[in-house]
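The structure appears right after this line, and notes come after that.
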RNA sequence: GGCCAUGUAGCUCAACGGAUAGAGCAUCAGCCUUCUAAGCUGGGGGUUGCAGGUUCGAUUCCUGCCAUGGUCACCA
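Numbering (the numbering used here), first residue to last: 12 to 610.
Right, here's the structure in full:
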């Protein structure tokens, strides 16, 4: 029995039979009854007063009476103003619990035949990953998994920004300063190795600019004429013309970076089905610009630069090719969008990109539409807020960027410290312990970054992220481990458990408040899972699973499980506990967080 | 300046247009001779940025202000 649906159907009949109102089941809204009122679910009758032509109280009691007479779900009702509080009878709760336990994939939806591509991560190959990438990665990965659970076929894609002036900067600094050093020879992780040369370029370049300024040049001129700026531009030209030596170096250094990235991705637990490289898509973009020119959708200025007029959309004209014929950021995005669609023909294409690019994606969609690409309508920008630190924005120049690898190390170390202090892991092997530290450390970061609504900016407070109390992954993982402990204990003291059978529950037994509240909450899982997909929001699941753990801990505190002497009741509570454990495990799993059996 | 977000307890965040706006952190007071105290119970803490409007009802929708952030590159 699908509880919420059953109640809605009863209400639907009530409105139809009493007031000749035809409403769809989806339009009927049920809320959890407030703490201070008596009841399980509440139905607001205000919207139906026009139909009933009665006072709120009389409308409510008419519906209440109808439900008691025509349905066996309810044991009573009360009305406060226009709020009809419904009380379910105990039989209904057991029936409902039966339905949940007999549906292993409770909440999952069958395949709907729709295909979605989720593009996320999108790193540059000149720097290691940082905290901003982490939010991006975790949102992208989690949304993908949530969509799968809701019946979509999902392609996880990564679009690597592997070309351009910034890559040339690391290359130049390496050529000038490295003496053929490699990640192997220095024992440094490849992405950090290359990133260091990027930093060294910037440092040296700034000095060169300063010298020129001291010699009397203006800042702008100095920035353009500094020796390394000229060299790096030359390097880019060589790269674009396909210089074999430069190309080989570019490939070699990018590979170092990829080796580093793959290591980080693996530790973060994110993966991709398809990799795109801007070095391969920018030419496609150029081709599309040519086509647009031929069709007269774009126009060329005297200096040979190519533009599109978007005045009908109240947007400024947008440049698509520079006067020297090279492509800009949006050019390659046009090419990538087309390639993606030709590869997969997906219904929806999700771009997980920070909100600083809202305007850019708007332009991208607009231009694709002008080119007659119908798939433009399927593009959805999952725009998330940037991660700020208590001191403000992360700035690479000021060295305030939080490095992903360092953060993971730090959090795992912190987890190790706490596990040690609490000393509950006696008998676990060294290998199991290391595994546990990873699960706890990574879980903490992921939960911290995912629990906030993606579209809001996120304040990363290092001290707070280390916390293991309250609204954290550890709190939820702890609840999971606690339930596991309960079952270990059960086996140890030799209590046999069998499937819960509601017929065996003593008739005079009343469910604890904590039991009813737990059941009532579990019923909402399918709704939350669906909402999370529709809103592309892992945060909804994070909030749900936190509340699940919170309610279970209350239950655990107040209700005896193993200590219960009545076998049927004990079995019911054990199975309820196991159901909660499974829901926690599934929710955390969709957030990319593992559920330890001990901690 | 135009456009777009955001503004809720000291702090970080919740709340399909519904009841006296909820959690966590911090703070104060309690609970381990019974299932993991990374837990539980209770207290204090609010003019939901401001002013209007829409209606049975607004944190939520509309308008105007104010504040913060983003963006409007031949950067990516």
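Ideal Cβ positions, reconstructed from N, Cα and C, are used throughout, including at glycine.
What are the partner residues of residue 630, as DSSP defines its beta bridges? An answer regarding residue 630 cannot be provided, because it is not within the stretch 12 to 610 covered by the chain.
Suppose only complete runs of 4+ residues qualify. What are the alpha helix (DSSP H) ranges in the segment 180-221, listed by chain order? With a minimum length of 4 residues, the continuous alpha helix (DSSP H) runs that stay inside the segment 180-221 are 194-197.
Can you check the segment 12-74 for any beta strand (DSSP E) of at least 3 residues that lies completely inside it and give the ranges in chain order? 41-43 and 52-55
Nearest-angstrom Cα distance between residue 367 and residue 136? Here residue 367 refers to the residue found at position 356 when the first chain is read from its first residue. Here residue 136 refers to the residue found at position 125 when the first chain is read from its first residue. About 20 Å.
Of all the options 232, 180 and 455, which has the alpha carbon lying nearest to the alpha carbon of residue 245? Working through the first chain from its first residue, we reach residue 245 at position 234. When only C-alpha atoms are compared, the closest one is 180.
Would you mind reading off the limits of the alpha helix (DSSP H) that contains residue 272? Within the first chain, numbered from 1, the residue matching residue 272 stands at position 261. Note, residue 272: alpha helix (DSSP H), 255-279.
Check whether the Cβ atoms of residue 359 and residue 389 sit closer than 8 Å, and answer yes or no. Counted from its first residue, the first chain places residue 359 at position 348. Counted from its first residue, the first chain places residue 389 at position 378. Cβ distance < 8 Å, so residue 359 and residue 389 count as in contact.
Residue 121: first and last residue of the uninterrupted alpha helix (DSSP H) it sits in: Translated into the one-based positions of the first chain, residue 121 becomes position 110. Neither: residue 121 is in no alpha helix (DSSP H) and is coded neither H nor E.
How is residue 168 classed by DSSP in three states: helix, strand or coil? The residue given as residue 168 occupies position 157 in the first chain. Here residue 168 sits in strand by DSSP.
Cutting at 8 Å between CB atoms, please list the residues of its own chain near residue 506, excluding the five before and the five after it. As a first step, residue 506 is located in the first chain; it is residue number 495 there, counting from the start. Taken in chain order, the residues that qualify are 573 and 581.
Taking the beta strand (DSSP E) that residue 364 belongs to, which residues open and close that run? To locate residue 364, count along the first chain from 1; it is residue 353. Segment 359-365, the beta strand (DSSP E) holding residue 364.
Over the uninterrupted beta strand (DSSP E) stretch that includes residue 394, give me the two end residues. Start at 1 with the first residue of the first chain, and residue 394 comes out as number 383. Counting along the chain, residue 394 sits inside the beta strand (DSSP E) bounded by residues 390-395.
DSSP-derived helix/strand/coil call for residue 288: If you number the first chain from 1, residue 288 lands on position 277. Here residue 288 sits in strand by DSSP.
Quick check on DSSP: helix, strand or coil for residue 402? As a working note, residue 402 is residue 391 in the first chain. Looking at residue 402 - three-state DSSP - the assignment turns out to be coil, as it is neither helix nor strand.
Less than 8 Å between C-beta atoms, sequence neighbours within five positions excluded: which residues of the same chain meet that for residue 57? Walking along the first chain from the start, residue 57 turns up at place 46. The answer, listed in chain order, is 67 and 93.
Which class does residue 519 belong to by DSSP, given the choice of helix, strand or coil? Here the question's residue 519 lines up with position 508 in the first chain. Correct three-state label for residue 519: coil.
Identify the continuous alpha helix (DSSP H) that holds residue 456 and give its terminal residues. Here residue 456 is taken as the residue at index 445 of the first chain, counted from 1. Per DSSP, residue 456 belongs to the alpha helix (DSSP H) from 441-461.
Endpoints, alpha helix (DSSP H) assigned at residue 566: On the first chain, residue 566 is found 555 positions in, with the first residue counted as 1. 549-569 is the extent of the alpha helix (DSSP H) around residue 566.
Based on Cα-Cα distance, which residue from 365, 353, 415 and 409 lies nearest to residue 385? Mapped onto the first chain, residue 385 falls at position 374. It is 353 whose Cα lies nearest to the Cα of residue 385.
Going by alpha carbons, who is nearest to residue 419 out of 448, 397 and 429? Translated into the one-based positions of the first chain, residue 419 becomes position 408. In terms of Cα proximity to residue 419, the closest of 448, 397 and 429 is 448.
What would DSSP say about residue 311, mapped onto helix, strand or coil? Reading the first chain from its first residue, position 300 is the one you call residue 311. Under the three-state reduction of DSSP output, residue 311 falls in the strand class.
Using a 10 Å radius around the Cβ and a threshold of 16 neighbouring Cβ atoms, would you call residue 445 buried or exposed? Taking the first chain and counting its residues from 1, the one referred to as residue 445 is at position 434. That one is exposed.
CA-CA distance, residue 443 and residue 528? In the first chain, counting from the first residue as 1, residue 443 sits at position 432. In the first chain, counting from the first residue as 1, residue 528 sits at position 517. Each residue's alpha carbon lies about 35 Å from the other.
Whole angstroms are fine: how far does the CA of residue 156 sit from the CA of residue 416? Against the first chain, residue 416 aligns to sequence position 405. Against the first chain, residue 156 aligns to sequence position 145. Cα-Cα distance, rounded: 24 Å.
Cα-Cα separation, residue 201 to residue 272: By 1-based counting over the first chain, the position of residue 201 is 190. By 1-based counting over the first chain, the position of residue 272 is 261. Answer to the nearest angstrom: the Cα atoms are 8 Å apart.
According to DSSP, is residue 321 part of a helix, a strand, or is it coil? In the first chain, counting from the first residue as 1, residue 321 sits at position 310. It is coil, neither helix nor strand.
Which residue from 266, 125, 306 and 513 puts its Cα closest to that of residue 171? The count along the first chain starts at 1 and reaches residue 171 at position 160. Selected option, being the one with the closest Cα: 266.
Report the rounded CA-to-CA distance for residue 129 versus residue 35, giving the unit in angstroms. Walking along the first chain from the start, residue 129 turns up at place 118. Walking along the first chain from the start, residue 35 turns up at place 24. Roughly 33 Å between the two C-alpha positions.
Would you list the one or two residues that DSSP bridges to residue 431? One-based indexing of the first chain puts residue 431 at position 420. Paired residues: none, contrary to the question.
Enclosing alpha helix (DSSP H) for residue 127 [first to last residue]: Here residue 127 refers to the residue found at position 116 when the first chain is read from its first residue. Unbroken run through residue 127 is the beta strand (DSSP E), 126-130; no alpha helix (DSSP H).
Please say whether residue 220 and residue 234 have beta carbons closer to each other than 8 Å? If you number the first chain from 1, residue 234 lands on position 223. If you number the first chain from 1, residue 220 lands on position 209. Yes, they are a contact pair.
Taking all protein chains shown into account, do 16 or more other C-beta atoms lie within 10 angstroms of the C-beta of residue 81, making it buried, or fewer, making it exposed? Position 70 of the first chain, counting from 1, holds the residue named residue 81. So residue 81 ends up on the exposed side.
What would DSSP say about residue 616, mapped onto helix, strand or coil? Only positions 12 to 610 of the chain appear in the structure, and residue 616 is not among them; the question remains open.
I'd like to know whether the C-beta atoms of residue 521 and residue 552 end up nearer to each other than 8 Å. Working through the first chain from its first residue, we reach residue 521 at position 510. Working through the first chain from its first residue, we reach residue 552 at position 541. No, the pair does not count as a contact, with Cβ atoms beyond the cut-off.
Per the DSSP calculation, residue 141 is bridged to which residue(s)? For the purposes of this step, residue 141 is taken as the residue at position 130 of the first chain. According to DSSP, residue 141 bridges with 414.
Compare the beta carbon distance of residue 457 and residue 283 with 8 Å and say whether it is the shorter of the two. Translated into the one-based positions of the first chain, residue 457 becomes position 446. Translated into the one-based positions of the first chain, residue 283 becomes position 272. No, these two residues do not count as a Cβ contact at 8 Å.
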